[in-house]
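Some notes on the structure that comes next.
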Amino acid sequence: MNWFSGFVTFVLIWWLVLFMVLPWGIRTIGHDDVLRGHDAGAPQQSRIGLKLAVTSVVTAVLWVAVYFIIDSGVISLRP
């Protein structure tokens, strides 16, 4: 796998993992504490920084696994 294929693979895995991590730990405001003009379904604390960090670490581990699987020849991407 060359550097460009590795980068594209990392980006694709990163986005997939991000969409899996985003719903973790979401607590909505609720109807009693909603201010006028705010959505009742909005999260109290999104903790986006933590989610981005978790996404990056999980992606790095998965990318290394994918790299070794492709590099070892278990899965061939060439016809």
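Be aware that the sequence shown starts at 3, since it is given in the working numbering, and climbs by one per residue.
Virtual Cβ for every residue (Gly too), placed ideally from N, Cα, C.
All of these numbers come straight from a predicted model, not from anything done at the bench.
What's the gap between the Cα of residue i and the Cα of residue j?
i   : j   : result
W17 : F6  : 17 Å
I72 : V19 : 20 Å
Pick from the options: whose alpha carbon is nearest that of residue i?
i   : options           : result
L64 : A55, F12, D41     : F12
D34 : M3, Q46, L54      : Q46
G43 : F70, S74, I31     : I31
L24 : I50, N4, L14, V59 : I50
T95 : M22, L79, S74     : Absent from the structure is residue 95, since the part of the chain shown begins at 3 and ends at 81.
For residue i, does the three-state DSSP call read helix, strand or coil?
i  : result
S7 : helix
What residue ranges within the stretch 13-76 form continuous alpha helix (DSSP H) runs of no fewer than 4 residues, ordered along the chain?
Here the runs fully enclosed are 50-74.
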